[in-house]
Amino acid sequence: MLVYEKVREYIDKNGYKQKVIADKAGISPVTFNAIMNGKRTLYAEDLKAICIALDVSPELFIELK
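FYI, this note's numbering numbers position 13 of the sequence shown as 19, with every residue one higher than the one before it.
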């Protein structure tokens, strides 16, 4: 499963609204939606902002080896 898919699944399972997370992360809702649908690359700085908005560690979504 790709990182953006893990993030999307987490958001869906926890009942968050994408617009709310996008606003908290400082990402436009259009861009956030494109990221969550795999139409735009999820860059590290975006992942960091999303994780801060969700109050979770990035390690929840990525494997560190």
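Idealized CB from N, CA, C, for every residue including glycine.
Ordered along the chain, which non-local residues of its own chain (more than five positions away) have a Cβ less than 8 Å from that of residue 24?
The residue labelled residue 24 in the question sits at position 18 within the sequence shown. The answer, listed in chain order, is 17, 35, 38, 39, 42.
Can you check whether the CB of residue 10 is closer than 8 Å to the CB of residue 32?
Taking the sequence shown and counting its residues from 1, one reaches residue 32 at position 26. Taking the sequence shown and counting its residues from 1, one reaches residue 10 at position 4. In this structure, residue 10 does not lie closer than 8 Å to residue 32 by Cβ.
If you follow the alpha helix (DSSP H) that residue 16 is part of, which residue opens it and which one closes it?
Translated into positions along the sequence shown, residue 16 becomes position 10. Per DSSP, residue 16 is one residue of the alpha helix (DSSP H) stretching across 9-19.
Between which two residues does the alpha helix (DSSP H) carrying residue 48 extend?
By one-based count along the sequence shown, residue 48 stands at place 42. Note, residue 48: premise wrong, no alpha helix (DSSP H); not H, not E.
By DSSP, does residue 67 sit in helix, in strand, or in coil?
As a working note, residue 67 is residue 61 in the sequence shown. Reduced to three states, the DSSP call for residue 67 is coil.
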